[in-house]
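K.L.:
Please read through the structure below; I'll follow up with questions.
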Amino acid sequence: MKFKGSREIETNRLVLKPQTMKEQKRLWEILMLDDVNKYYLTVPIKFRNKLTDWNLQEKYYKTKIEHANDKDVFCWSIFLKDTDKCIGQVDCHVNNDKQSFVDVYDVGWYIDPLYQGNGYCTEAARAMLYYMFAECDIKKIITGAAIDNIASWKVMEKLGFCRKKEIKKVQYTFLDELTDIYVYTIDRETFLH
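Here the sequence shown is numbered in our numbering, starting from 29 and rising by one per residue.
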């Protein structure tokens with residue numbers, strides 16, 4: 029693993045930028061949309077109300093930004109190249125699954141619903157994955173998506189991820205009921221070839 033941090037990455041239509049405080053409220057506003065947060069956050073439900081209050085969250089985001097340029101942080105804000113509008117986020121981070129091995133990562137993404145269905149998520153995720161596998165030399169990603177979050181796991185499949193199993197009853201922060209998820213994996217060799 030080569031720790032290079034989140035450098036700017038350009039695609040045909042997007043610019044993935046290392047995060048700054050400037051766009052954090054915009055990202056939080058996107059994340060607080062019901063269509064976005066229901067399948068993204070797995071923070072314990074008891075914190076749900078705190079997450080919906082920007083005045084409480086601003087401190088968290090400021091702390092996050094203090095580390096945005098650390099070499100072991102891989103988190104980007106997604107901007108449209110032609111308008112410089114922030115439309116979402118992609119990130120790659122150490123997989124917190126206690127059964128995972130060293131050098132196994134997880135990924136996540138979200139896009140403003142106004143911009144979904146245009147291939148932006150796939151484009152941003154592909155660029156991030158290329159950077160992580162080709163330049164940072166990570167070996168493997170294990171990630172998941174709610175079975176009902178069809179758009180997210182279809183992005184994974186477009187990118188070459190392989191569905192490995194189904195996990196029952198995962199608790200998402202903004203859903204009252206437990207949700208089943210698909211677990212996907214992809215390794216460096218598969219993605220780069």
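Quick reminder that beta carbons are idealized off the backbone N, C-alpha and C, glycines included. If you're wondering where the values come from, they're calculated on a predicted model, not measured in any experiment.
Measuring alpha carbon to alpha carbon, tell me which residue in T213, F102, D110 is nearest C120.
P.N.:
Counted from its first residue, the sequence shown places residue 120 at position 92. Closest by alpha carbon: F102.
K.L.:
Going by beta-carbon coordinates alone, are V118 and L44 separated by less than 8 Å?
P.N.:
Residue 118 sits at position 90 when you count from the first residue of the sequence shown. Residue 44 sits at position 16 when you count from the first residue of the sequence shown. A contact, by the Cβ cut-off of 8 Å.
K.L.:
Whose CA, out of L203, Y210, D208, lies closest to the CA of L69?
P.N.:
Counting from 1 along the sequence shown, the entry for residue 69 is found at position 41. Of L203, Y210, D208, the residue nearest in Cα terms is L203.
K.L.:
In angstroms, rounded to a whole number, what distance separates the CA positions of K53 and I93?
P.N.:
Along the sequence shown, one-based indexing puts residue 53 at 25. Along the sequence shown, one-based indexing puts residue 93 at 65. Those two C-alpha atoms are separated by around 12 Å.
K.L.:
Report the residue from D165, L55, R41 whose alpha carbon sits nearest the alpha carbon of E217.
P.N.:
What you label residue 217 is simply residue 189 of the sequence shown in a count that begins at 1. The option with the nearest alpha carbon to E217 is D165.
K.L.:
From K168 to Y212, what does the alpha carbon distance come to, in whole angstroms?
P.N.:
Stepping through the sequence shown from its first residue, residue 168 is reached at position 140. Stepping through the sequence shown from its first residue, residue 212 is reached at position 184. Approximately 11 Å between the Cα atoms of the pair.
K.L.:
Can you check whether the CB of A173 is closer than 8 Å to the CB of Y210?
P.N.:
The residue labelled residue 210 in the question sits at position 182 within the sequence shown. The residue labelled residue 173 in the question sits at position 145 within the sequence shown. Going by C-beta atoms, Y210 is nearer than 8 Å to A173.
K.L.:
Just the Cα atoms here: how many angstroms apart are A153 and W137?
P.N.:
Stepping through the sequence shown from its first residue, residue 153 is reached at position 125. Stepping through the sequence shown from its first residue, residue 137 is reached at position 109. The alpha-carbon atoms of A153 and W137 are separated by roughly 8 Å.
K.L.:
Compute the Euclidean distance between the alpha carbons of E205 and K186, then round it to the nearest angstrom.
P.N.:
For this step, residue 205 is matched to residue 177 along the sequence shown. For this step, residue 186 is matched to residue 158 along the sequence shown. Going from the Cα of E205 to the Cα of K186 covers about 29 Å.
K.L.:
Looking at A153 and the ligand FMN, is the gap between the Cβ and the nearest heavy atom below 7 Å?
P.N.:
Summarising the ligand content, the structure contains no ligands, and the ligand FMN is consequently not present.
K.L.:
Of the choices D62, T171, K50, D98, whose alpha-carbon is the least far from that of D112?
P.N.:
In the sequence shown, the residue the question calls residue 112 occupies position 84. The shortest C-alpha separation from D112 is found at K50.
K.L.:
I need the straight-line Cα distance from T48 to D215, nearest angstrom please.
P.N.:
Here residue 48 corresponds to residue number 20 of the sequence shown, with the count starting at 1. Here residue 215 corresponds to residue number 187 of the sequence shown, with the count starting at 1. In a straight line, the C-alpha of T48 is about 30 Å away from that of D215.
K.L.:
With respect to the alpha helix (DSSP H) encompassing I178, which residues constitute its N-terminal and C-terminal limits?
P.N.:
Position 150 of the sequence shown, counted from the first residue, corresponds to residue 178. Unbroken alpha helix (DSSP H) run through I178: 178 to 186.
K.L.:
Would you give the residue range spanned by the alpha helix (DSSP H) that F219 belongs to?
P.N.:
Position 191 of the sequence shown holds residue 219. Looking at the DSSP string, the run of the alpha helix (DSSP H) that includes F219 is 216 to 220.
K.L.:
Could you give the distance in angstroms between the alpha-carbon of V71 and the alpha-carbon of K78?
P.N.:
For the purposes of this step, residue 71 is taken as residue 43 along the sequence shown, with counting starting at 1. For the purposes of this step, residue 78 is taken as residue 50 along the sequence shown, with counting starting at 1. Using only the alpha carbons, I get a separation of about 11 Å.
K.L.:
In three-state terms, what does DSSP make of F75?
P.N.:
Start at 1 with the first residue of the sequence shown, and residue 75 comes out as number 47. Helix, per DSSP.
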